[in-house]
Amino acid sequence: MPTAAPERPAELPGRGPGTDRSSRSITLPRGTGRTAARVGALTVCQGALMVGFGLLITGPARGLWPMTVEDDVNEGFERARTGTLTTLSSFASEAGNTMTIIAITLLVCAGLILIPRLPLWRQAAFLAVAVSLQALVFLVITECVDRHRPEVDRLDASPPTSSYTSGHTGAATALYGGLAVLALSRLRGPWRRIVGGLLLLLPLMVAVARLYRGMHHPTDVVGGLVNGSLSLLIVGRALFVDGSVTAPADAGKDGGATAAGTTPAGGAVPAPSPATARADRGATPDKGRTVVIFNPTVTHEADREALRAVLARHGHTGAEFVETTAQDPGTGQTAAAVRDGAGLVVVCGGDGTLRAAADALAGSGVPLAVVPCGTGNLLARNLGLPLSPTAALDAALRGTPHRIDLGRVEGDDLPGTHFAAMSGAGLDAAIMEHTDDRAKSVLGWPAYVLAGVGTLRTPRMRVTVRLDDATALHRTARMVLVGNVGTVQGGTTLLPAARPDDGLLDLLILDPRGVGGWIRALTTLLRGGAKAPRPTAVDTVTAQDGDRSGVPVEFFTFRRAELTFDAPQSRELDGDPVTPGRRLTAEVRPGALTVLLPTGGA
Numbered sequence: 079m080p081t082a083a084p085e086r087p088a089e090l091p092g093r094g095p096g097t098d099r100s101s102r103s104i105t106l107p108r109g110t111g112r113t114a115a116r117v118g119a120l121t122v123c124q125g126a127l128m129v130g131f132g133l134l135i136t137g138p139a140r141g142l143w144p145m146t147v148e149d150d151v152n153e154g155f156e157r158a159r160t161g162t163l164t165t166l167s168s169f170a171s172e173a174g175n176t177m178t179i180i181a182i183t184l185l186v187c188a189g190l191i192l193i194p195r196l197p198l199w200r201q202a203a204f205l206a207v208a209v210s211l212q213a214l215v216f217l218v219i220t221e222c223v224d225r226h227r228p229e230v231d232r233l234d235a236s237p238p239t240s241s242y243t244s245g246h247t248g249a250a251t252a253l254y255g256g257l258a259v260l261a262l263s264r265l266r267g268p269w270r271r272i273v274g275g276l277l278l279l280l281p282l283m284v285a286v287a288r289l290y291r292g293m294h295h296p297t298d299v300v301g302g303l304v305n306g307s308l309s310l311l312i313v314g315r316a317l318f319v320d321g322s323v324t325a326p327a328d329a330g331k332d333g334g335a336t337a338a339g340t341t342p343a344g345g346a347v348p349a350p351s352p353a354t355a356r357a358d359r360g361a362t363p364d365k366g367r368t369v370v371i372f373n374p375t376v377t378h379e380a381d382r383e384a385l386r387a388v389l390a391r392h393g394h395t396g397a398e399f400v401e402t403t404a405q406d407p408g409t410g411q412t413a414a415a416v417r418d419g420a421g422l423v424v425v426c427g428g429d430g431t432l433r434a435a436a437d438a439l440a441g442s443g444v445p446l447a448v449v450p451c452g453t454g455n456l457l458a459r460n461l462g463l464p465l466s467p468t469a470a471l472d473a474a475l476r477g478t479p480h481r482i483d484l485g486r487v488e489g490d491d492l493p494g495t496h497f498a499a500m501s502g503a504g505l506d507a508a509i510m511e512h513t514d515d516r517a518k519s520v521l522g523w524p525a526y527v528l529a530g531v532g533t534l535r536t537p538r539m540r541v542t543v544r545l546d547d548a549t550a551l552h553r554t555a556r557m558v559l560v561g562n563v564g565t566v567q568g569g570t571t572l573l574p575a576a577r578p579d580d581g582l583l584d585l586l587i588l589d590p591r592g593v594g595g596w597i598r599a600l601t602t603l604l605r606g607g608a609k610a611p612r613p614t615a616v617d618t619v620t621a622q623d624g625d626r627s628g629v630p631v632e633f634f635t636f637r638r639a640e641l642t643f644d645a646p647q648s649r650e651l652d653g654d655p656v657t658p659g660r661r662l663t664a665e666v667r668p669g670a671l672t673v674l675l676p677t678g679g680a
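In our numbering, the protein residues as written are 79 to 680.
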């Protein structure tokens with residue numbers, strides 16, 4: 079699954095690498111008009127949805143639950159008032175006040191543009207547009223839906239707008255929710271989740287304060303939360319997921335994507351370029367030296383210094399740091415390190431960088447220390463490593479070598495290469511294709527969820543499956559997934575029996591039909607598939623319902639699999655999209671990779 083590639087600080091819109099700064103003119107990036115039109119259309123739909131909900135609760139549904147108990151809720155808040163709570167609610171309500179929202183938005187956007195070494199225009203636009211669109215939709219709603227405020231003692235002066243929706247809550251959701259997204263993507267270390275969590279709590283505090291102060295009904299604040307969230311979703315998808323607004327291409331994206339968006343041929347080991355061979359600090363090559371292969375888009379100078387300190391504490395002084403490039407995402411650098419006698423290879427990057435390095439390390443016996451710096455970090459998660467880079471390196475260096483399996487895959491227009499976590503075709507590969515690197519840099523792994531919304535209509539495919547020496551299976555499927563490990567982001571287990579050291583690979587065939595099929599498939603996967611069948615290749619069964627219709631999820635295990643599709647399908651390797659095709663052949667290489675793991679790992 080996916081790999082991290084945080085947005086490299088980009089040039090100003092309209093500025094190319096060779097542009098003369100003294101004569102540059104600021105122009106809008108390509109695709110701005112089309113994206114603006116899409117955002118406008120979706121915002122109209124958002125407004126219509128919110129107005130429709132408001133007319134429903136003030137009209138046909140006003141006599142139904144929960145509208146019938148809203149007055150009781152407001153009166154309960156009124157009875158619970160104390161001096162201290164009233165003061166606290168005043169501060170919380172002020173956090174969603176119009177002037178507060180405007181001031182914070184302007185300050186943050188100015189900081190995003192002016193303070194960083196290179197401006198973060200896209201992040202600033204994301205925040206400003208989301209807050210502005212929320213306000214615009216709010217004004218339309220209050221003009222269309224006339225709802226009186228609760229019949230309780232109100233602690234604030236009633237503004238001229240309708241009670242539905244809560245403008246304070248909507249604005250707070252758009253602003254603080256947007257700030258949480260930026261914080262979770264830009265901050266590092268233990269404070270990242272703390273800051274993000276506190277920012278996400280602020281809209282809820284504003285909502286409760288507006289109820290406490292008698293300014294809104296419960297459905298009004300719910301409407302505000304929905305309105306702000308929809309604005310964030312629409313703008314975030316347009317700027318970070320769809321990828322229709324294009325800026326100068328960034329070099330060295332994680333996952334090894336070339337300018338054409340494909341991975342390099344996995345069968346050959348490219349020779350390292352001069353840029354590949356340069357190190358942060360020179361180290362004389364000698365037997366048993368430590369080489370750190372790092373993706374510069376996700377491993378910054380401060381990160382490298384922190385990792386250098388961890389290495390020094392464990393006696394690995396003078397480690398050589400070698401960066402990956404867009405042309406060589408890690409295979410050539412790792413192959414050179416092995417060829418020159420490296421005793422330890424440390425890989426800092428996402429799953430794509432790790433896959434490229436593992437391809438060169440396969441069968442060498444040189445131990446690997448995994449330092450997760452990406453979005454997915456699937457192998458690190460499944461090996462039980464901490465997701466903090468320094469903590470993961472420290473845990474690995476305190477551990478012992480373990481041999482784990484690799485998968486080897488090839489197909490039409492896909493030379494043979496290794497993967498460490500997962501490979502597949504269909505829906506999951508389409509999600510990878512539609513997830514922009516900028517979305518991953520800002521949103522992290524939820525960017526894949528957003529991309530998945532637009533790919534659920536991926537056509538069903540017909541596939542012939544040959545597992546080891548068993549009879550061929552003929553299936554229809556939305557997705558086929560081959561895994562060396564089973565758990566993905568969010569703790570979801572797609573392949574419940576998969577283990578990275580069992581000498582086997584696992585196969586998931588996903589084929590839900592209709593809403594009921596999707597519900598059953600998601601239920602099975604969210605429960606970890608604990609009771610799902612896992613037939614072996616020589617004991618293959620066709621899982622069926624009582625009415626003899628195919629089940630939406632099937633699991634198999636094998637050593638070699640040949641997958642043949644009726645038409646070219648999207649394909650991916652460890653989260654990297656590769657050339658579409660009609661065939662995938664996957665086989666396990668038992669114990670091919672030696673990894674340093676803490677006690678209990680793998």
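Think of the CB as a built atom: it goes at the ideal place given N, C-alpha and C, for glycine as much as any other residue.
Distance from the Cα of I597 is smallest, within the candidate group N373, V423 and P630, for P630.
DSSP places C426 in the uninterrupted beta strand (DSSP E) bounded by L422 to G427. Every beta strand (DSSP E) stretch that sits fully inside the segment 415-476 and reaches 3 residues is listed by chain position as 422-427 and 446-450.
Between A438 and T368, the C-beta gap is not smaller than 8 Å, which leaves the two residues out of contact. In the three-state reduction of the DSSP assignment, T554 falls in the strand class, which pools E and B. Of the other Cβ atoms in all chains shown, 16 or more fall within 10 Å of the Cβ of R315; this residue is therefore buried. Contact between L163 and Y242 fails: their C-beta atoms lie close to 25 Å from each other, not under 8 Å. The segment 240-256 makes contact with the segment 278-298: 3 or more CB pairs, one atom from each, lie closer than 8 Å. Scanning its chain for C-beta atoms nearer than 8 Å, with the 5 sequence neighbours on each side dropped, one finds around V129 the residues V218, I219, C222 and V223, in chain order. Closest by C-alpha distance to R116, out of N460, L317 and L233, is L317. T570 and L604 have their C-alpha atoms spaced approximately 6 Å apart. In the structure shown, S241 adopts coil according to DSSP, grouped into three states. DSSP, read as helix, strand or coil, puts T178 in helix. The straight-line gap separating the alpha-carbon atoms of G292 and I180 is approximately 24 Å.
L585 is bridged by DSSP to V560 and F634.
Sixteen is the threshold: when 16 or more other Cβ atoms of the shown chains lie within 10 Å of the Cβ of M539, as they do, the residue is buried.
W199 has its alpha-carbon roughly 32 Å from the corresponding atom of A469. Under the criterion of beta carbons closer than 8 Å, L505 and R556 qualify as touching, at roughly 5 Å. Inter-residue distance for V444 and A390 is about 20 Å (C-alpha atoms, whole angstroms).
At the C-beta level, G430 and L662 stay beyond 8 Å of one another.
Contact check for V376 and G427: beta-carbon distance about 6 Å, within the 8 Å limit, so the pair qualifies. Residue pairing by DSSP places H294 opposite no residue, since no beta bridge is assigned to it.
In this structure, L585 places its C-beta atom within 8 Å of the C-beta atom of F636. Our two residues, V388 and V673, have alpha carbons roughly 18 Å apart in a direct line.
Distance between V299 and A458, taken at the CA atoms: about 40 Å. Taken through DSSP and simplified to helix, strand or coil, S236 comes out as coil. Taking 8 Å as the cut-off, the beta carbon of G174 is found closer than this to the beta carbon of A249. It is roughly 50 Å from the alpha-carbon of A158 to the alpha-carbon of A473.
Three or more beta-carbon pairs separated by less than 8 Å link the segment 229-248 to the segment 132-140, which places the two stretches in contact.
DSSP places L279 in the helix class (H, G or I) of the three-state scheme. C-alpha of I191 to C-alpha of S442: approximately 47 Å in a straight line. Excluding residues up to 5 positions away in sequence, A470 and A473 lie with their Cβ nearer than 7 Å to the Cβ of P464 in the same chain. Scanning its chain for C-beta atoms nearer than 6 Å, with the 5 sequence neighbours on each side dropped, one finds around G408 the residues I371, T402, T431, A434 and A435, in chain order. T549 and D589 have their C-alpha atoms some 20 Å from each other.
Sequence-distant partners of L303 (beyond 5 residues in either direction) whose C-beta falls short of 7 Å from its own C-beta, in its chain, are T247, T251, P281 and A285.
Secondary structure at D483: strand, using DSSP grouped into helix, strand and coil.
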